[in-house]
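Enquirer: Dumping the structure here so I can ask a few things about it.
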Amino acid sequence: MTERLMPLIDLLNEMSPFLLLGFLFAGILHEFIPQTVYRKSLAKGDFRSVLLAALIGVPLPLCSCGVLPTAMSLRREGVSKGATVSFLISTPQTGVDSIIATASLLGLPFAVIRPIVAFVTALLGGCMVNKFCKEKEAATIEKHSDTAGNKGFVAKCIGSLKYAFVDMLQDIGKWIVIGLVIAAAITVLVPDGFFTAYNDKPIVSMLIVLAFSIPMYLCATGSIPIAAALMLKGLSPGAALVLLMAGPATNTAA
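In my numbering, the protein residues as written are 31 to 284.
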């Protein structure tokens, strides 16, 4: 029994310190940057707004479902369609916590390439929306008080810790655990070299992974141990990257 739990324990030991650090960074980002900063520069339907939305979305730790209400709120406050779609694409694919966890489990190259891919795909999606889905009318702007700007330093620090280790853990903690359990199960149940049959057909391997990844619910961090476990079974790094990007990017519910 203990031997069967060892893959799960090893993954948890390797990822936990980096996850905690990533959660802390996410909390600081959430509390110390007012939401009005995001809204002021994203109203125009131009390339600059798409670029800024992609840059803002990459470090934010929101899943493909959690990003929807945020994007809807931004849209109602005047953010352009292209910037909204750019934000929807870049945000769930990666985040501060998942970048750090990717570096710890899959190495620095994966941690560098992953946010770059999220950024590029967000730019492409946002620009396509600006080109083919013109603004017919101004978005309804709703006024909301941004209380973060009125908080003192100590209150912001407390809020950062609460968001990082209470709110975020409640939101994605379950999915991280599920990802770890699935990864451990793959490590035990899938024979070594299972995916090597597709190594000479990288496109086929990527398409197979893509077909399974799109409808599944995988958070940006929870997908990391799954990708690592599949790579140990022979999955190519390119196909693993497809899983890391497509899995968190969308799902059937979203």
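Heads up, the beta-carbon is just placed ideally off N, CA and C, and yes, glycines get one too. As the structure is a computational prediction, the values presented were derived from the model and not from experiment.
Whose C-alpha, out of Ser243, Ile202, Tyr228, Leu273, is nearest the C-alpha of Gly96?
Expert: The candidate whose alpha carbon is nearest that of Gly96 is Ile202.
Enquirer: Specify the secondary structure class of Thr100 as computed by DSSP and reduced to three states.
Expert: helix
Enquirer: Under the rule that 16 or more other beta-carbon atoms within 10 Å means buried, what is Gly277, buried or exposed?
Expert: buried
Enquirer: Rounded to the nearest angstrom, what separates Ile233 and Asn43 at their Cα positions?
Expert: 34 Å
Enquirer: Compute the Euclidean distance between the alpha carbons of Pro89 and Lys231, then round it to the nearest angstrom.
Expert: Pro89 and Lys231: Cα-Cα distance of roughly 33 Å.
Enquirer: Taking 8 Å as the threshold (C-beta atoms), are Ala279 and Pro122 in contact?
Expert: In this structure, the beta-carbon distance from Pro122 to Ala279 falls below 8 Å.
Enquirer: Report back the beta-carbon spacing between Ile130 and Leu51 to the nearest angstrom; my notes put them in contact at under 8 Å.
Expert: 6 Å
Enquirer: How big is the Cα-Cα spacing for Ser243 and Leu191?
Expert: 32 Å
Enquirer: For Phe77, which of Ser110, Pro64, Phe53 has the nearest alpha-carbon?
Expert: It is Ser110 whose Cα lies nearest to the Cα of Phe77.
Enquirer: Could you tell me the alpha carbon to alpha carbon distance between Leu274 and Phe195, rounded to whole angstroms?
Expert: 24 Å
Enquirer: Use the C-beta contact count for Ile171: other C-beta atoms within 10 angstroms, 16 or more gives buried, fewer gives exposed.
Expert: Low per-residue confidence applies at Ile171: pLDDT is 46, beneath 50, and the placement is therefore not dependable enough to give any value.
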